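Okay, so the sequence shown: first residue is 5 according to our numbering, each after it adds one. Every residue gets a Cβ at the ideal spot worked out from N, C-alpha and C, and that includes glycine. Small disclaimer: the values here were computed from a predicted structure and weren't measured.
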Amino acid sequence: MSLIISNIALHYLSKKEETGEVVLRLGPDSLEITTKIEKFVDALHHIYNGKGSKAYGHFSAMPAEGDKARFVDIMESYLSEVQDFTEFSKQAANLLKNELEKYELAETGYLVICHYEYMGGRYLLAAIIPVSEHYSVDGELNISADQHLDTARLQLAARIDLFDYQQNAEGNKYISFIKGRAGRKVSDFFLDFLSCEEGLDAKEQTKTLVQAVEDYVSVQQFDAQEKQSTRKELLNYCKEQKDAAQDVSIKELGEVISKDTENSQDFYQFCQEQSYPIEDSFPHDQTVVNKVTKYSGYGAGISLSFERSHFGQDVVYNPANDSLTIYKVPPNLKEQLLSLLQAQDKEQQAQSTQDF
Numbered sequence: 005m006s007l008i009i010s011n012i013a014l015h016y017l018s019k020k021e022e023t024g025e026v027v028l029r030l031g032p033d034s035l036e037i038t039t040k041i042e043k044f045v046d047a048l049h050h051i052y053n054g055k056g057s058k059a060y061g062h063f064s065a066m067p068a069e070g071d072k073a074r075f076v077d078i079m080e081s082y083l084s085e086v087q088d089f090t091e092f093s094k095q096a097a098n099l100l101k102n103e104l105e106k107y108e109l110a111e112t113g114y115l116v117i118c119h120y121e122y123m124g125g126r127y128l129l130a131a132i133i134p135v136s137e138h139y140s141v142d143g144e145l146n147i148s149a150d151q152h153l154d155t156a157r158l159q160l161a162a163r164i165d166l167f168d169y170q171q172n173a174e175g176n177k178y179i180s181f182i183k184g185r186a187g188r189k190v191s192d193f194f195l196d197f198l199s200c201e202e203g204l205d206a207k208e209q210t211k212t213l214v215q216a217v218e219d220y221v222s223v224q225q226f227d228a229q230e231k232q233s234t235r236k237e238l239l240n241y242c243k244e245q246k247d248a249a250q251d252v253s254i255k256e257l258g259e260v261i262s263k264d265t266e267n268s269q270d271f272y273q274f275c276q277e278q279s280y281p282i283e284d285s286f287p288h289d290q291t292v293v294n295k296v297t298k299y300s301g302y303g304a305g306i307s308l309s310f311e312r313s314h315f316g317q318d319v320v321y322n323p324a325n326d327s328l329t330i331y332k333v334p335p336n337l338k339e340q341l342l343s344l345l346q347a348q349d350k351e352q353q354a355q356s357t358q359d360f
């Protein structure tokens with residue numbers, strides 16, 4: 005296992021239904037890092053990485069109110085060994101409790117704070133994991149209910165890249181966090197708890213990257229096959245970086261997609277000369293990249309998806325009458341359509357017989 009845990013703490017936050025008071029139950033002073041704990045954090049790490057709706061930011065420069073310590077202040081005390089992890093996690097839990105009391109939200113559960121290393125990176129993860137009930141039946145067919153940590157519903161979580169923070173405290177992307185669900189502000193109090201401000205816009209950066217690649221293959225006068233091959237190289241590189249929880253690097257990408265020909269310009273150099281508003285490296289939005297080789301859409305009970313290379317040939321769109329014509333229907337779809345036609349024919353024949 006590539007994950008190494010330095011420290012981990014677990015605390016519980018709940019709300020009294022009658023008064024709305026937030027109750028904090030502090031966990032043990034130290035958790036033994038067992039194999040089960042390692043597997044749990046490893047799973048949590050991969051669940052967090054798999055969340056596509058993440059945004060990026062940095063600690064606010066605004067001072068704390070009165071004599072209150074901010075999250076970054078108590079974190080610094082821990083990192084500089086002024087206080088131990090247990091005290092840091094308890095102070096952090098109380099900060100979160102105070103923020104939660106300001107909001108009329110039922111977002112409670114177990115607060116996990118974990119300092120760990122993964123693939124050479126050092127991270128501090130803070131997450132509220134909701135609790136769900138599950139049921140079991142014993143040999144006597146007695147039903148019993150119990151609770152479990154519902155990591156699949158993880159929505160309130162943030163992770164600090166400690167290497168990035170300590171080497172570039174003026175940066176704008178060393179904190180990542182899961183964005184709030186559509187139409188809700190459930191992540192607001194969590195950002196206030198961290199004193200975090202949004203910084204780098206991963207989606208806009210990725211859109212700029214995709215546009216830069218499209219401009220590059222056009223300027224280099226690649227043929228249709230070379231263009232599609234370059235797009236697939238971009239897609240595969242970004243997927244690999246996402247799986248490894250690594251940023252996209254324009255220089256690395258240039259080594260992947262730049263063609264080894266006399267007339268071909270290096271992609272990184274191309275981006276520098278064109279002055280695209282893009283960072284040399286940044287965490288990307290995979291959903292944006294996925295669209296470079298494939299078009300897809302759904303609505304009104306219709307779902308379509310096809311490779312970009314088929315557009316204008318096997319798939320033709322007519323904007324005049326808003327119609328899409330598909331040639332070379334996929335065999336499995338064709339089989340279903342033929343079965344549907346046969347069924348319709350039988351229904352019509354049966355109806356005709358009844359009419360007579």
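Going by DSSP, S233 is part of the alpha helix (DSSP H) stretching over 228-247. The C-alpha of N11 lies about 39 Å from the C-alpha of V214. The count of Cβ pairs closer than 8 Å, one atom from the region 30-40 and one from the region 142-155, stays below three, leaving the stretches out of contact. Taking 4 residues as the minimum length, the alpha helix (DSSP H) runs contained wholly in the region 264-351 are 271-278, 290-293, in order along the chain. Annotation: the continuous beta strand (DSSP E) that includes G125 extends over 125-133.
Beta-bridge analysis with DSSP links V214 to no other residue.
Between L48 and I133, the CB-CB gap stays under 9 Å. Beta-bridge analysis with DSSP links N11 to H119. In this structure, DSSP gives V141 an extended state, which the three-state scheme calls strand.
Taking 8 Å as the upper bound for CB-CB distance, F75 and L198 are in contact here, some 5 Å apart.
Comparing C-alpha distances from V116 to each of D142, H138, F44, G125 shows the shortest one belongs to F44.
Our two residues, Q209 and H15, have alpha carbons roughly 36 Å apart in a direct line.
Nearest in C-alpha terms to V252, of all of P287, I261, V221, is P287. Judged by DSSP in its simplified three-state form, K58 adopts strand. For a cut-off of 8 Å, the C-beta gap from A97 to L30 is around 6 Å, short enough to register as a contact. For G258, the three-state secondary structure derived from DSSP is helix. An exposed status is given to L341, since fewer than 16 other beta-carbon atoms sit within 10 Å of its beta-carbon.
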